[in-house]
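J.: Starting off with a structure, shown below.
Protein chains in written order, with the working numbering: chain S, 52 to 171; chain Y, 52 to 171.
Written as structure tokens, this is what we have:
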């Protein structure tokens, strides 16, 4: 049982858009990521995905609905299949909760932003 | 897709030890709870449980290991079957991740602290 300090976790992450695993439970992963700039449009076929903004302001663009705008201390769950694009004008620190094995770019496999999450 | 503000969520919770559901994803619930005092010793037979301290300091006592001490911005996952007792000398605001339907007192069913989580 490993206590994870979020600030230390974020500080240890060097790359943007490269989530690291902080905890595993019930087949799900808690991941930390630093985001900056525009990500790719993508969806996760079978995985709902939760974003909790720890620091900064995150916009999640959606195809069919108004953009979601999250401040620090706000969370939202994006259901499986919903195409979305995270955009961070300035750096955002975010905690993600999603099934273990979920790829960051979802259905978009041939992206230079794709990577498999390692542990913190 | 509902953006949940943690501060507003905690402010809307009147009772201690009475988690409220903030989001559902992949069969899991994200819950918010205000804690103060000593909870009951309990375990969850089939459910790992994550505690993320948003405000305050939480001690999680364990039977076989040293107490866990979590400050704001720290998280830990308690594996299924591990008996534990949360203790909050002063008020603690905590975010929980656990399977939908997990009862707060786990195996201890006849407790006055037991309750079924409602949505925020």
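Just so it is clear, CB atoms sit at the ideal spot from N, CA and C, and this is done for glycine as well.
1. When the Cα of residue 146 of chain S is compared with those of S:140, S:154, S:127, S:90, which residue comes out closest?
2. From residue 92 of chain S to residue 134 of chain S, what does the alpha carbon distance come to, in whole angstroms?
3. Mapping DSSP to helix, strand and coil, what is residue 58 of chain S?
4. Assign residue 102 of chain Y to one of three DSSP states: helix, strand, or coil.
5. Using a Cβ-Cβ cut-off of less than 9 Å, give me the residues of the stretch 69–83 of chain Y that come near chain S, in sequence order.
6. What residue from Y:109, Y:77, Y:99, Y:149 has the CA that sits closest to residue 70 of chain Y's CA?
7. Any idea what DSSP makes of residue 135 of chain S, helix, strand or coil?
8. Which residue from Y:136, Y:157, Y:56, Y:125 puts its Cα closest to that of residue 89 of chain Y?
9. For chain Y, is any of its Cβ atoms less than 8 Å away from the one on residue 98 of chain S?
10. Which of helix, strand or coil does DSSP assign to residue 159 of chain S?
11. Which whole-angstrom value is the C-beta distance of residue 105 of chain Y and residue 57 of chain Y, which I expect to be below 8 Å?
12. Check distances from the C-beta atoms of the stretch 123–134 of chain S to those of chain Y and list, in chain order, the residues that come in under 7 Å.
13. Residue 148 of chain Y touches chain S at which residues, Cβ-Cβ below 9 Å?
14. On the DSSP letters alone, give me the boundaries of the beta strand (DSSP E) that residue 88 of chain Y sits inside.
15. Go ahead and label residue 59 of chain S buried or exposed: buried means 16 or more other beta carbons lie within 10 angstroms of its beta carbon, across all protein chains shown.
16. Applying a beta-carbon distance threshold of less than 9 Å, which residues of chain Y neighbour residue 171 of chain S?
17. What is the DSSP secondary structure of residue 121 of chain Y, counted as helix, strand or coil?
18. Leaving aside the five residues before and after residue 157 of chain S along the sequence, list all residues of the same chain whose C-beta is less than 6 Å from its C-beta, in chain order.
19. Here's a check: name, in chain order, each residue in its chain whose Cβ is nearer than 7 Å to the Cβ of residue 78 of chain Y, leaving out the five neighbours to either side.
20. What do you get for residue 155 of chain S, buried or exposed, if any count of 16 or more other CB atoms within 10 angstroms of its CB means buried?
21. Is the beta carbon of residue 87 of chain S less than 8 Å from the beta carbon of residue 168 of chain S?
T.: Looking at the atomic coordinates:
1. S:127
2. 6 Å
3. helix
4. strand
5. 73, 74, 75, 76, 77, 78, 79, 81
6. Y:149
7. strand
8. Y:136
9. yes
10. coil
11. 6 Å
12. 124, 125, 126, 127, 128, 129
13. 74, 76, 77, 79, 81, 101, 148
14. 79–89
15. exposed
16. The contacting residues do not exist; residue 171 of chain S stays about 11 Å from chain Y at best.
17. strand
18. 93, 94, 95
19. 150, 151
20. buried
21. no
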